[in-house]
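Okay, so here's the structure we're looking at.
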Amino acid sequence: MQNKLSKRIFLLTLTALAIFEVIAGEYFLLCGARMDLLLIMVVIGSIYFDAKWALFFSLFTGLLKDLFSTDIFGLNTLLLPGITFLVIKLSRKIILEHTVIRVVIIFAAALLYNLLLGILSFSRGISVPWGIFVRNTVLSPIYTAAISPLLLKAIE
Amino acid sequence: MNPRLDKLKNKNLVYFLAVFFSLIILAGLIPALRVPALSILKYPLRLASLIKREVNGIIFYHRNFIRNELLQKEIGLLRQKLNTLNEAELENKRLSDLLSLKQRAPYKVLAAKVIGRSADNWASTVIIDQGHHSGIRRGMVVLGFAGLAGRVTEASSFISKVMLINDPDLAVSAMVQRSRWQGLVTGTLGNYLVMRYLPKDSDIQPADSIITSGLTETYPKGLCIGEVLETGEEFSGLSRYAIIRPAVELAVLEEVLVIIP
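Residue numbers (the working numbering), protein chains in the order written: chain A, 170 to 325; chain B, 450 to 710.
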């Protein structure tokens, strides 16, 4: 699988998806929640590539996300490699061949990612209504996980 | 104890610590790298935005046609209102001259197109196609055609990032146009804004217009922020809040005006 999935194509896909999310992401909202295509690609990279390349791709994705964000520190550059590290550790304990398991892992990764960002926002004194918080931490991961089989199918 | 195993464990620890600190340093360099990288991405973003606009024009032809008709009617009504306001302005000028009041010079604006939006759930920002090259600097106020839209947070040579008023990280000192009660407007990441720290006995009602108070030098006084939808009492019971519908349609923002001081 690793031979088939060219690293160069994966890198270009990450860049194209980053631009796509910035340009057209607002057309694909579900009750205001966004899907996180880049996070799906990070998890896919963790499953299909070896640890070194998976971490490189997650770092690259984090840089791309931070480019378009307004956070002071490179949050995504730190968070996404952390998520990749966890997925790699998990892949050594359980088999990740089945699509359902992969979708669950993507959901868990998206949940953890959004929860951490939400908590960090709160810690900086930024408060959002509870409805928005639930939308971002629950609905957005569900939406991301629901979309992921399409990307997994495309990769396969 | 196996000395080889101990040596291996120490080696792994050193390797892990080196990677961890490298990541921290790299993440710290992100703010410096962001600005030049955005300049590089200007042309792909502009091209993609152009393609998107053309596709939109085809897909949403009927919607645009109807909207155009409604806007034409609105233009007519606004022209009449503008005439009335011009008269009021002239009268105000005459009276101010009489009272020898100092008039603030009108501000210069620069039009810019929105070419992208943040892909973040926890922030509300847009990317515009003007930057340092056109005189835009960090901290400049950004307007939509109907009122306040946000503020420039980063500016590269040809691209800038604007934090919208519905971002919870942005707070604007505001007041009720009718009763002049002051408060602080912040975003909620949703379609509405919240005006807080209104005194319990403040005179604020639904349909009241909210404008910038001018208390801070950043936002000129009198910029329209939105309209009050409902009011309520804070959980503490010590102050009131108001839910505000922004004057600018932030979800469909396509063009903005940047105030150049």
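Yeah, the Cβ is synthetic: ideal placement off N, Cα and C, and Gly gets one too.
Fully enclosed by the segment 488-522 of chain B, which alpha helix (DSSP H) runs are 4 residues long or longer? 491-508
Beta-carbon contacts of Arg-553 of chain B that lie in its chain and below 7 Å, excluding the five residues immediately before and after: At Arg-553 of chain B, the pLDDT of 49 sits below 50, so the modelled position is not reliable; the number obtained from the coordinates is stated separately. The beta carbon of Arg-553 of chain B is closer than 7 Å to none in its chain, skipping five residues each way along the sequence.
Neighbour-count burial assignment, Thr-533 of chain B, 16 or more Cβ in a 10 Å radius: exposed
In or out: Glu-190 of chain A buried (at least 16 other Cβ within 10 Å) or exposed? buried
Would you verify that the beta carbon of Pro-695 of chain B is, or is not, closer than 9 Å to some beta carbon of chain A? No, Pro-695 of chain B does not count as interfacial toward chain A.
For a contact meaning CB atoms closer than 7 Å, what does Leu-247 of chain A contact in chain B? Leu-472, Ala-476
Chain A contact for Ala-568 of chain B (CB, 9 Å cutoff): yes
Check distances from the C-beta atoms of the segment 232-243 of chain A to those of chain B and list, in chain order, the residues that come in under 8 Å. Leu-232, Lys-234, Asp-235, Leu-236, Phe-237, Ser-238, Thr-239, Asp-240, Ile-241, Phe-242, Gly-243
Is it right to say Arg-261 of chain A is buried, meaning 16 or more other beta carbons lie within 10 angstroms of its own, or is it exposed? exposed
Under the three-state DSSP convention, the category Val-326 of chain A falls into: Since the displayed chain A opens at 170 and closes at 325, residue 326 of chain A lies outside it and no answer follows.
Would you tell me roughly how many angstroms separate the C-alpha atoms of Thr-184 of chain A and Ile-274 of chain A, rounded to the nearest one? 23 Å
Can you grab the Cα-Cα spacing for the pair Gly-632 of chain B / Tyr-646 of chain B, in whole Å? 5 Å
Other residues of its chain near Gly-287 of chain A: CB distance less than 7 Å, five sequence neighbours each side excluded: Phe-302, Asn-305, Thr-306
Within the continuous alpha helix (DSSP H) that includes Val-212 of chain A, where are the two ends? 206-217
According to DSSP, residues forming a beta bridge with Val-611 of chain B: B:Val-575, B:Val-601
Please check if any C-beta of chain B sits within less than 9 Å of the C-beta of Asp-205 of chain A. yes
Please name the residue or residues paired with Tyr-690 of chain B in a DSSP beta bridge. B:Gly-681
Closest to Thr-667 of chain B by C-alpha separation, out of B:Leu-592, B:Arg-528, B:Ala-467, would be which residue? B:Leu-592
Under the assumption that Ala-595 of chain B contacts Val-697 of chain B (Cβ atoms under 8 Å), give the Cβ distance between them as a whole number of angstroms. 5 Å
Three-state secondary structure (DSSP) at Arg-177 of chain A? helix
Taking the alpha helix (DSSP H) that Lys-649 of chain B belongs to, which residues open and close that run? Lys-649 of chain B: not part of any alpha helix (DSSP H); DSSP gives it neither H nor E.
Tell me the rounded alpha-carbon separation between Ile-311 of chain A and Trp-571 of chain B. 16 Å
So, Gly-243 of chain A versus Gly-251 of chain A, is the Cβ gap smaller than 9 Å? no
Quick one: Cα of Val-621 of chain B to Cα of Ala-598 of chain B, how far? 11 Å
Alpha carbon to alpha carbon, how far is Arg-218 of chain A from Ser-175 of chain A? One point to set straight first is that residue 218 of chain A is Phe, not Arg, in the sequence displayed. So the alpha carbons of these two residues sit roughly 10 Å apart.
Classify Ala-620 of chain B as helix, strand or coil using the three-state DSSP reduction. strand
Counting only beta-carbon separations shorter than 9 Å, does Thr-602 of chain B have a partner in chain A? Yes, because at least one Cβ of chain A sits closer than 9 Å to the Cβ of Thr-602 of chain B.
With a threshold of 8 Å, are at least 3 pairs of Cβ atoms found where one atom belongs to the segment 572-587 of chain B and the other to the segment 606-614 of chain B? yes
Name the DSSP bridge partner or partners of Pro-695 of chain B? B:Gly-675
Do the segment 253-267 of chain A and the segment 208-228 of chain A meet, that is, are 3 or more Cβ pairs less than 8 Å apart? yes
Can you tell which of A:Leu-236, A:Ile-216, A:Met-210, A:Ser-296 has the C-alpha that lies nearest to the C-alpha of Glu-266 of chain A? A:Ile-216
My assumption, with CB atoms under 8 Å, is that Ile-659 of chain B sits in contact with Ser-628 of chain B. Please give the rounded CB distance. With 8 Å as the limit, Ile-659 of chain B and Ser-628 of chain B do not qualify as a contact, their Cβ atoms being about 11 Å apart.
Evaluate Asp-650 of chain B with the Cβ neighbour count: other Cβ atoms within 10 Å of its Cβ, from every protein chain shown; 16 or more gives buried, anything less gives exposed. exposed
Using the DSSP secondary-structure output, state which residues sit across from Lys-557 of chain B in a beta bridge. Paired residues: B:Ile-709.
Give the interface partners of Gly-639 of chain B over in chain A, defined as CB-CB distance under 9 Å, in chain order. Gly-201, Val-297, Pro-298, Gly-300, Ile-301, Arg-304
Identify which residue in B:Ile-524, B:Asn-461, B:Ser-605 has its Cα closest to the Cα of Leu-487 of chain B. B:Ser-605
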